[in-house]
Amino acid sequence: MPVFLEDFARLIDSKKDYLRERILKGRFNPLEKDFKRFMLTYWIPLGDLSSFSVNLNDLKVIAVDSSVYTNLLPSGGVFYIIRSMAMLRNTVTAKKIDVDVIFSRDKVSKIQDLIIAKMEMLEFEVVLNALKDGFSGDAILIDGSLYGRASYPPLEPRVEEERDILLRYFKVYKDLLDFCRKSNILLAGVSKESRSTFYRDYLLYLIFSEELDELSISSEDKRLLWDIFFQMLYSEKVALEKFYRLRKKYGGELDAVETVLWELASSRPDYQLIMRCVSSVGYAYPLLLGPTVKMAKRLKEYREDPEGYVKKYFPRLSMEKGGDFIQSASEVLRGILEFPSFISFYILLDLRDSPIRIDIPCYDKTLLEVSWPEPIEADIKDLLKIMVTGYCGLNVHNIWLKNVDEKVKLRRKVVDEIYLPFLEKMFGEKIIHGRGYRRVKYP
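In numbering that gives the first Met the number 0, the protein residues as written are 0 to 442.
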């Protein structure tokens, strides 16, 4: 019997009800009734899913995914191998691999963020290669959020080489969006159990507006409360300090407002909210998304002083490469101002499952022309057909993405038995791994 089994059983017995609620249903939501009421308005049931399903062979869909292997070396660098692939049915249409070592004074999580950016950039590149080779089918599906990839302003990372990586990332992304627009190709980001909260934030905006309408306070203080609501998204401490100063003036009259603000500060993701609030398969009414608060602030800085912005956020490269770099970086940043906004929504195809998030570019408005998320009438019939047809149950939310994931996945065994021995043969030396690396799996 395992050493801790009896202790585990006693502990679970003492916390059974508490853990059952948190594991199966998530954290308690004091606004669940309000969320259900508004979600009912914004939820479109699909009814008979078979009416949306077609033969797989009738759809020409490219799916794109990538995988990565990393290892912290005794030399202080982070060694990585990235593979990215685009597949049409069971045929590889484009692929790319990158191998390198990153040296940085930054913490490991920041280095991992940079490696993820390189993975995503390789995905953009393989899609572009597939498009340039003549693909003109129904859609291109990328594993992950298209909106999320456009939401963070490019900065100079604290690495020894490739300090322009995030500028290159946005340039390739812009090239891809431009190509899809000109070619009229549907580009969609598909993600499962995304940690995004944009739909929850939008519903909270509606709840907050309703609460404010019922308050008998001055119009000036209502405007202040709206300022506090939006400030909660990027400066929680400052927003709450302002709120509690105002609360002293009105006391318990602001209790409901306080509940909304604390919910806005919570980590409850959209998918959990949808799972608790809907009772039918269907999809959430699409919302049009603009830049994050931080992204909007940075781009405003750029528009006011392009050269100063580049020097401020890319200091080493500006000093080392001078005017030519400043000009080229400014052109990339100017391209970000032309990024399209994004339409985003969730679709639930089985009540036992979690919803799937879908992002598509909206070329009618730039990212900066949208502030708060807003409902948008969008023709998503083709997307619904693709998502319903490609859905294969609880274990496979999209058959095309599942196929490319299995093909591109970089398994540890492949690295240990093929890639690393090949490197050692080429170098004529043994590669010493960091102490966190284990070559042997113990039973």
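Yeah, the Cβ is synthetic: ideal placement off N, Cα and C, and Gly gets one too. No experiment lies behind these values; they were computed from the predicted model shown.
Roughly how many whole angstroms lie between the Cα atoms of residue i and residue j?
i: LEU443; j: ASP142; result: Not covered by the structure: residue 443. The range shown for the chain is 0 to 442.
i: TYR390; j: TYR249; result: 52 Å
i: LYS173; j: LEU260; result: 36 Å
i: CYS276; j: LEU350; result: 11 Å
i: ILE216; j: ASN394; result: 52 Å
i: ASP112; j: ALA149; result: 14 Å
i: GLY51; j: ASN402; result: It is Phe, not Gly, that sits at residue 51 in the sequence shown. Approximately 22 Å, taken between the alpha carbons.
i: HIS432; j: LEU121; result: 26 Å
i: ILE398; j: MET386; result: 9 Å
i: MET118; j: ARG104; result: 21 Å
i: ARG167; j: PHE102; result: 19 Å
i: CYS179; j: LEU186; result: 7 Å
i: PRO374; j: TYR146; result: 16 Å
i: MET274; j: GLY281; result: 12 Å
Provide the residue(s) that pair with residue i in DSSP beta bridges, ordered along the chain.
i: MET84; result: ASP64, LYS94
i: ARG356; result: SER190, TYR345
i: PHE443; result: Examination of residue 443 is not possible in this model, given that the chain is present from 0 through 442 alone.
i: TYR79; result: THR69, ASP99
i: VAL158; result: SER103
i: TYR282; result: ILE43, ILE346
i: SER340; result: CYS361
i: ILE139; result: ILE61, LEU186
i: LEU288; result: PHE341
Just to confirm, is the Cβ distance from residue i to residue j under 8 Å?
i: LEU48; j: LEU348; result: yes
i: VAL171; j: PHE229; result: no
i: LEU332; j: TYR301; result: yes
i: PHE59; j: LEU39; result: Inspection of the sequence shows that residue 59 is occupied by Lys rather than by Phe. No.
i: LEU130; j: SER83; result: no
i: GLU428; j: TYR312; result: no
i: GLU303; j: ILE325; result: no
i: THR92; j: PHE134; result: yes
i: VAL77; j: THR90; result: no
i: ALA283; j: TYR345; result: yes
i: LEU18; j: ILE11; result: yes
i: VAL67; j: LEU140; result: no
i: ILE81; j: ASP97; result: yes
Go through its chain and collect everything with a Cβ distance to residue i's Cβ below 7 Å, but skip five positions before and after it.
i: ALA264; result: MET231, GLU235
i: LYS191; result: SER353, ILE355, HIS396
i: LEU419; result: ILE430
How close, in whole Å, do the beta carbons of residue i and residue j come, if the pair is a contact with beta carbons under 8 Å?
i: SER144; j: VAL407; result: Their Cβ separation, rounded to whole angstroms, is 19 Å, which puts SER144 and VAL407 out of contact at 8 Å.
i: LEU316; j: ASP163; result: 6 Å
i: ILE342; j: LEU287; result: 6 Å
i: VAL158; j: TYR233; result: Not confirmed; about 26 Å, so no contact.
i: PRO314; j: ARG194; result: Going by Cβ atoms, the distance from PRO314 to ARG194 rounds to 31 Å, so no, they are not a contact pair.
i: LEU205; j: PHE37; result: 5 Å
Report yes or no: is there a C-beta of chain C within less than 8 Å of the C-beta of residue i?
i: LEU245; result: The chain inventory of the structure shown lacks chain C, comprising one protein chain alone.
In chain order, what residues of the same chain have a beta carbon less than 8 Å from the beta carbon of residue i, not counting five sequence neighbours either side?
i: LYS221; result: LEU211, LEU214
i: GLY289; result: ALA295, SER340, LEU366, LEU367, GLU368, VAL369, SER370, TRP371, PRO372
For a test of your reading of the model: does the CB of residue i fall under 7 Å from any non-hydrogen atom of the ligand HEM? Yes or no.
i: LYS380; result: Inclusion of the ligand HEM in the displayed structure is not the case, the ligand content being empty and no account of it being possible.
Going along the chain, which residues of its own chain have a beta-carbon closer than 6 Å to the beta-carbon of residue i, five neighbours each way excluded?
i: TYR441; result: Model confidence at TYR441 stands at a pLDDT of 37, short of 50, so the residue's coordinates are unreliable and nothing is read from them.
i: PHE444; result: Given a span of 0 to 442 for the chain in the structure shown, any question on residue 444 remains unanswerable.
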